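582 is the number that full-length UniProt numbering gives to position 582 of the sequence shown; each next residue is one higher, with no gaps.
Quick reminder that beta carbons are idealized off the backbone N, C-alpha and C, glycines included.
Because the structure is a prediction, the values reported are computed rather than measured.
Written below as structure tokens is the structure these notes are about.
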Amino acid sequence: MSSVCREVITLQLGHYSNFVGTHWWNLQDASLSYDPETPPGEIQSDVMFREGQTLGGHVTYTPRLIAMDLKGSLRTLRQEGSLYDAGKDASAVTWEGNLMMHKESPPEKNSFLEDLDKLDKGEILTEADFSSSSQPQCSAAGSVSVDTVNNRLTQVQKAYRLEGSVKVWSDFLRIHLHPRTISVIHQYNHDGEAHRLEAFGQGESLLQGSVLEELEDRLHFFVEECDYLQGFQVLCDLADGFAGLGSKVTEMLQDSYGGRGILTWGLAPVSHPNSSPVKDLYHQLNCTLGTVHLASHSSFFCPLTLRGGLGRRPSSPTAFPYLNYDPSLWYHSSSVLALALDTLTLPYRLGNNSVPMWQVADTLAVSGRKVVAAYGAVPFPMMHGSSLPDALCACIDAPPWKPLSACPEPGDGRCYGQWTTLKGFEGQKLISSLAPGTKPPTPLHSLHSGEDVLTSYIRAFYPAAPLALQLVSTPSKLTPPFPQIFSQSLDAQGFLQSQHPPPGFSAPVVSSVPVMTSLQSSPALGTWLSELHRGASAFDIRRMAPSFLSQGPEMADYQEALEQLRLLSRCYKDDSGGVTRSSSEEEDD
């Protein structure tokens, strides 16, 4: 029996956040099952989705989501969506004279959106809809078992290649959205050089007037239909003016919905199109101010990026052993972060053994340390047919995960708290299956539960750190149009193959993957925050970027934010071997 559904409302603020969010919602949709005969899965979809009804009486299942973006960012997507379209009202035209109509050609749709339109209209995709390069994709276990548009698309299993055609996030959105989901900010443009939302102060000053009223109206709509609202999941662009808007939005959520969890993920792409030294400086300043203010108004704040750092001269982007992604493509980098976020957000989305948002935050954000760092093994390297002890023993020198927050792991065992989640080991063994009387090759092979195996493994690297962990067998299911960025070493389920495909045979299309993530609060974040502070303090902003402060904040407020960042970094100062000190001990410093 599933537990009480504790609903979550998601806010996506900014274009890259919507890229990540689109991949994330596509992943959620791929795991939905509408069939009442199907036993409930491990993940409780009602936490994130809401049930509704169209004007024609059809039941809908849409994200409990508010997505904000700029004018010109939607391309082919209608702001109000198409689920509740009442059709055009011809009676509204009262002019009886001659009319001259100038019709602008709509943006061209890519092959995926064209197929989606055909399925929406009830058409069947024929062989002619497939290019000769399309490859069949192994069907994902547990797919939706009623005839929805998305289910039919999944059954088609067409391998799309959208790398050259994705310009905005709606170019690969495969689900329908509620009419109250998309909010377009008309004061600023998505494209072009004029009227761009480039600075933190611009975003801060946005949340007033019609923008504020519209956001409050949308929030009230989604909040009022929740029975047990546990909180808000906020995805916010960190490198542009949306960082300022996000700081005001999270402050409003904190004031209006006190006691609810506010988990904020600050998103930053590896690179920006048409960048320049001045724009890079703006990006750094936005990240700095965004980190301070978003952390202040959230239950915890976690930056998510594949950049090597948030400064102007970052190191190389994060590399994963079994991914072949292009860091410069937002379509690729956002898919990697979405896969990680699918696992990072699992604790508060489960049907059984769910952990409320506030409890996840309280576990990690201790003694004022409200910034946490994420790490991920995307995918988790597990050989098909092997066991969890075998997989972990292959990573004996260091954990298998890589930085997802531009914060290198210290590697010295110091950590204030950690939350580790393993998702997607379906069909594989969590413990060793040695014959009776056989000596275990390692201590991990002698343990009797997957939780004990993973705990023992992590304790070898972090002996004294408080640890929470969860294991969920359901994998992240990858359906069109998720990019095929995986190594040929993986089989269709994302597990390692013992042999590469023979010459002349193409590698299988990966339809699901196991993922392991770790959320950490550690002294490494003190160093990371200090570097952020040092980078912003190294120059005179009035001389180097005088226009940055033209719409706020005031110089005194800017300097106060830098001081808050310095004090925040001191919260992670460690002189206790990674063991959390009491508040009285900290006051003695």
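Checklist entry - How many whole angstroms separate the CB atoms of Y160 and P356, which I take to be in contact at a CB cut-off of 8 Å? => result As a working mapping, residue 160 is identified with position 160 in the sequence shown. As a working mapping, residue 356 is identified with position 356 in the sequence shown. No, Y160 and P356 are not in contact; Cβ-Cβ is about 38 Å, not under 8 Å.
Item to check | Cβ pair count under 8 Å reaching 3, the segment 339-354 against the segment 405-412 | outcome: No, the segment 339-354 does not touch the segment 405-412.
Next on the checklist: Out of A338, A365 and M516, which one is the CA nearest neighbour of F19?
Outcome noted: The sequence position of residue 19 within the sequence shown is 19, counting from 1. For F19, the nearest C-alpha among the options comes from A338.
Item to check | Beta-carbon proximity of V184 to D69, cut-off 8 Å | outcome: For the purposes of this step, residue 184 is taken as residue 184 along the sequence shown, with counting starting at 1. For the purposes of this step, residue 69 is taken as residue 69 along the sequence shown, with counting starting at 1. Contact flag set, yes.
Checklist entry - How would you write the range of the beta strand (DSSP E) that G417 sits in, first residue to last? => result As a working note, residue 417 is residue 417 in the sequence shown. G417 to K423 is the span of the beta strand (DSSP E), which, as asked, contains G417.
Checklist entry - Can you tell me whether DSSP reads Q499 as helix, strand or coil? => result For the purposes of this step, residue 499 is identified with residue 499 of the sequence shown, where counting begins at 1. In this structure, Q499 counts as coil in the three-state DSSP scheme.
Checklist entry - Can you list, in chain order, the residues of its chain whose CB lies under 7 Å from that of H445, leaving out five sequence neighbours each side? => result What you label residue 445 is simply residue 445 of the sequence shown in a count that begins at 1. Shown here for H445: same chain residues with a beta carbon closer than 7 Å to its own, the five before and five after excluded, namely P389, S432 and L434 in chain order.
Item to check | CA-to-CA distance, D540 to V336, given in whole angstroms | outcome: Position 336 of the sequence shown, counted from the start, is the residue given in the question as residue 336. Position 540 of the sequence shown, counted from the start, is the residue given in the question as residue 540. Taking the straight line joining both Cα atoms gives about 36 Å.
Checklist entry - Would you say D171 faces chain D, with C-beta separation under 8 Å as the test? => result Although the question refers to chain D, the structure presented lacks it and comprises just one protein chain.
Checklist entry - Just reading off the alpha helix (DSSP H) that T264 is part of, what are its end residues? => result Here residue 264 is taken as the residue at index 264 of the sequence shown, counted from 1. Careful: T264 lies outside any alpha helix (DSSP H), inside the beta strand (DSSP E) at G261 to A268.
Next on the checklist: Considering only the alpha carbon of each residue, which of L568, S550, Y558 and G526 lies closest to Q202?
Outcome noted: Counted from its first residue, the sequence shown places residue 202 at position 202. For the residues L568, S550, Y558 and G526, the minimum Cα distance to Q202 belongs to S550.
Checklist entry - What is the C-beta distance between L323 and S487, in whole angstroms, given that I count them as a contact (C-beta under 8 Å)? => result As a working note, residue 323 is residue 323 in the sequence shown. As a working note, residue 487 is residue 487 in the sequence shown. Separation of the CB atoms of L323 and S487 is rounded to 7 Å, and the pair is thereby assigned contact status at 8 Å.
Checklist entry - Exposed or buried, E198, counting other C-beta atoms within 10 Å across all chains shown (16 or more means buried)? => result Stepping through the sequence shown from its first residue, residue 198 is reached at position 198. Buried, since its Cβ has 16 or more Cβ neighbours within 10 Å.
Checklist entry - What did DSSP end up calling W48 once you bin it into helix, strand or coil? => result Position 48 of the sequence shown, counted from the first residue, corresponds to residue 48. According to the sequence shown, residue 48 is Met rather than Trp. Reduced to three states, the DSSP call for M48 is coil.
Checklist entry - For the segment 201-226, which segments carrying the alpha helix (DSSP H) assignment without a break, of at least 4 residues, lie completely within its bounds, in sequence order? => result Qualifying alpha helix (DSSP H) stretches, in chain order: 209-224.
Item to check | Same chain only: Cβ atoms within 7 Å of R218, ignoring 5 sequence neighbours per side | outcome: Taking the first residue of the sequence shown as 1, we reach residue 218 at position 218. Beyond the five residues adjoining it in sequence on each side, R218 comes within less than 7 Å, by CB distance, of I66, R180 and S183 in the same chain, given in chain order.
Item to check | Among Y375, Q559 and T343, nearest to R307 - alpha-carbon criterion | outcome: The count along the sequence shown starts at 1 and reaches residue 307 at position 307. Nearest C-alpha to R307: Y375.
Next on the checklist: Can you tell me whether P321 is helix, strand or coil according to DSSP?
Outcome noted: By 1-based counting over the sequence shown, the position of residue 321 is 321. In the three-state DSSP reduction, P321 falls in the coil class, being neither helix nor strand.
Next on the checklist: Once the 5 residues before and after W24 are set aside, which same chain residues still bring their CB inside 7 Å of it?
Outcome noted: Residue numbering aside, residue 24 sits at position 24 when the sequence shown is read from its first letter. Result list for W24: A338, L341 and D342, in chain order.
Item to check | Integer Cβ distance of G417 from S521, believed to fall under 8 Å | outcome: The count along the sequence shown starts at 1 and reaches residue 417 at position 417. The count along the sequence shown starts at 1 and reaches residue 521 at position 521. Yes, G417 and S521 are in contact; Cβ-Cβ is about 5 Å, under 8 Å.
Checklist entry - Of the choices R534, F172 and Q493, whose alpha-carbon is the least far from that of H332? => result By 1-based counting over the sequence shown, the position of residue 332 is 332. The candidate whose alpha carbon is nearest that of H332 is F172.
Next on the checklist: Here's a check: name, in chain order, each residue in its chain whose Cβ is nearer than 6 Å to the Cβ of F221, leaving out the five neighbours to either side.
Outcome noted: Position 221 of the sequence shown holds residue 221. Counting only Cβ-Cβ distances below 6 Å, and skipping sequence neighbours, we find R180.
Checklist entry - Name the DSSP bridge partner or partners of I66? => result Translated into positions along the sequence shown, residue 66 becomes position 66. According to DSSP, which records beta bridges pairwise, I66 is partnered with L11.
Next on the checklist: Rounding to the nearest angstrom, what Cα-Cα distance links E216 and M48 in this structure?
Outcome noted: Locating residue 216 in the sequence shown gives position 216, where the first residue counts as 1. Locating residue 48 in the sequence shown gives position 48, where the first residue counts as 1. Spanning the two alpha carbons is a distance of roughly 19 Å.
Checklist entry - What residue from C5, H500 and M252 has the CA that sits closest to L294's CA? => result In the sequence shown, residue 294 corresponds to position 294, counting from 1. Of the listed residues, the one whose Cα sits closest to L294 is M252.
Checklist entry - According to DSSP, is T305 helix, strand or coil? => result Counted from its first residue, the sequence shown places residue 305 at position 305. Here T305 sits in strand by DSSP.
Checklist entry - On the three-pair Cβ rule with 8 Å, is the segment 376-388 touching the segment 489-509? => result yes
Item to check | S449, DSSP secondary structure in three states | outcome: As a working note, residue 449 is residue 449 in the sequence shown. Coil, per DSSP.
Checklist entry - Quick one: Cα of L281 to Cα of P546, how far? => result One-based indexing of the sequence shown puts residue 281 at position 281. One-based indexing of the sequence shown puts residue 546 at position 546. One C-alpha to the other measures close to 11 Å.
Item to check | Backbone secondary structure at N189 - three-state DSSP | outcome: Counting from one through the sequence shown, the residue named residue 189 turns up at place 189. Three-state result, N189: strand.
Checklist entry - Cβ of L519 within 8 Å of Cβ of L565? => result As a first step, residue 519 is located in the sequence shown; it is residue number 519 there, counting from the start. As a first step, residue 565 is located in the sequence shown; it is residue number 565 there, counting from the start. Not closer than 8 Å, so no.
Next on the checklist: Looking at the strands, I want to know which residues DSSP matches up with T60.
Outcome noted: Within the sequence shown, numbered from 1, the residue matching residue 60 stands at position 60. Beta-bridge pairing links T60 to G52.
Next on the checklist: By the three-class DSSP mapping on this structure, what secondary structure does D237 have?
Outcome noted: Counting from one through the sequence shown, the residue named residue 237 turns up at place 237. Correct three-state label for D237: strand.
Checklist entry - Taking contact to mean at least 3 C-beta pairs separated by less than 8 Å, is the segment 6-18 in contact with the segment 258-274? => result yes
Next on the checklist: Which residue marks the beginning of the alpha helix (DSSP H) containing L567, and which one marks its end?
Outcome noted: Numbered from its first residue, the sequence shown carries residue 567 at position 567. Residues M555 to R570.
Checklist entry - In chain order, which continuous runs of the alpha helix (DSSP H) of length 4 or greater are located wholly inside the segment 375-441? => result List check, alpha helix (DSSP H) in window: 388-393.
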